[in-house]
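Residue numbers (UniProt numbering): 1 to 375.
The beta-carbon is built from N, C-alpha and C at its ideal position, and this holds for glycine as well.
Small disclaimer: the values here were computed from a predicted structure and weren't measured.
A short write-up of the structure that comes next.
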Amino acid sequence: MRLAIDCRYTRIGRHDGISRYTAGVVTALKALKDADDPALDGVQLAMIVSDERQLEMLPELPWAKVSGPTSVLEPLVALQVNRLRPDAVISPMQTMGTLGRRYRLALTVHDLIYYSNPEPPHDLPGFVRVLWRLYHKAWWPQRLLLNRADAVVTVSETTRSLIAQHELTTKPVVVARNAAELPTASVAALAADQAESRAAAKTLVYMGSFMPYKNVETLVRAASLLPGYTLHLLSRSTPADEERLRAIAPAARLEFHGGVTDEEYHALLQRSTALVTASLDEGFGIPLVESMGHGTPVVVSDIPVFREIGGEAALFAPAQDARAFADAVTALEDAELWRERSIASRAQAETFSWEASARAIAELVSGWSGRARRR
């Protein structure tokens with residue numbers, strides 16, 4: 001069985017969400033293979049890239065280059081992939097071209113956010129943004145895309161439930177959850193030991209974009225209700241974003257970082273009171289796992305996927321209720337409560353791993369092993 005992982009969404013220099021997912025899964029698959037894990041017995045791994053610079057962010061595996069995923073050639077990319085003679089391909093997106101394919105294929109759905117929040121990511125080419133909006137005006141295009149595959153992968157039980165609710169595919173749906181690289185257990189243990197100072201730090205962290213569905217406005221309003229607190233907004237922002245958010249609540253203490261390195265991000269998590277996010281919708285929520293892995297509690301909107309990720313460790317508030325967010329943060333000023341949430345957070349973060357996600361995909365592929373390559 002020759003299994004190829006579509007790594008064309010890997011970012012150059014620094015991961016975003018889908019890029020991190022791709023690298024996490026393919027790295028864990030390689031680790032299983034290197035360990036002669038029975039889950040990948042008889043499977044040969046390879047990667048598909050569209051830019052050789054992507055290899056810097058990926059493990060050492062055989063690879064081949066084809067056109068990019070946003071190229072006008074994408075509908076016919078399977079003809080390029082056929083020349084690599086894979087038996088199966090796993091793509092981290094649902095949009096991989098399939099015309100003429102001669103291999104088994106699993107497509108990935110990360111979320112269904114853009115049906116209710118149709119504004120596309122700002123970094124996409126103009127023609128892709130137009131197609132994006134048209135695509136999300138109805139459910140039938142999604143059904144057509146997903147039913148071209150042999151299986152569908154998704155990153156959370158919440159999204160799998162939504163796929164079933166909207167009857168988006170007749171194919172098997174496998175959950176291979178997102179995860180994060182966790183610091184050592186000693187880092188989280190130190191956080192719990194610092195409960196008194198961390199509870200009094202009055203430092204909040206937000207890691208995420210400023211798109212409408214992220215609902216950063218509620219966090220800003222909550223910050224204005226928390227005297228002495230500083231809300232650190234870590235991702236890249238535009239002057240317009242900053243001006244708009246400062247105007248919402250002039251009393252809020254906001255610090256815009258304009259992007260941070262992983263080291264800066266982790267250092268800030270290790271001295272903060274909590275990570276906060278008020279998203280109206282998400283497919284997952286990697287920052288929650290990252291924060292909890294450091295033993296830093298999270299205060300998040302009460303949406304199904306955050307219940308799935310945060311479990312009993314997180315504190316929840318209605319997405320649009322700034323006062324409820326502020327009250328949840330204030331509750332963490334109790335050092336004993338902060339310590340309890342810190343310990344619970346690390347335990348919850350440890351339930352997510354790339355190895356578990358790789359195994360879910362390996363189990364899917366094992367069901368295809370021994371069958372003739374699709375012609």
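Inter-stretch contact (C-beta, 8 Å, three-pair minimum) for the stretch 71-87 and the stretch 128-138: No contact exists between the stretch 71-87 and the stretch 128-138.
Option in Q54, A176, R104 and I12 with minimal Cα separation from A356: When each option's Cα is compared against that of A356, the closest is A176.
Cβ of V276 within 8 Å of any chain B Cβ: Within the model displayed, chain B is absent; a lone protein chain is all it includes.
Helix, strand or coil at K137 [DSSP, three-state]: In the displayed model, K137 falls within coil according to three-state DSSP, outside both helix and strand.
Beta-carbon proximity of L112 to N215, cut-off 8 Å: At least 8 Å separates the beta-carbon of L112 from that of N215.
Where L84 falls: helix, strand or coil (DSSP): Coil.
Whether A223 touches L269 by CB criterion (8 Å): The answer is no: Cβ separation not under 8 Å.
Residue burial classification, G259 (beta-carbon count within 10 angstroms, cutoff 16): Flag for G259 reads exposed.
CA-to-CA distance, K202 to T230, given in whole angstroms: Answer to the nearest angstrom: the Cα atoms are 7 Å apart.
Presumed contact (8 Å Cβ cut-off) between G295 and R346, rounded CB distance: Going by Cβ atoms, the distance from G295 to R346 rounds to 5 Å, so yes, they are a contact pair.
C-beta contact flag for residue 394 and V155 at 8 Å: Since the first residue shown for the chain is 1 and the last is 375, residue 394 is missing from the structure and cannot be characterised.
Burial state of L144, where buried means 16 or more other Cβ atoms lie within 10 Å: Exposed: under 16 other Cβ atoms inside 10 Å.
Sequence-distant residues of the same chain with beta carbon closer than 6 Å to D150, five excluded per side: Excluding positions up to five away in sequence, the list reads R104 and L105.
Distance CB(A23)-CB(A46) smaller than 8 Å: Judged by their CB atoms, A23 and A46 are not nearer to each other than the 8 Å cut-off.
Where E181 sits in the DSSP three-state scheme: Coil at E181, not helix or strand.
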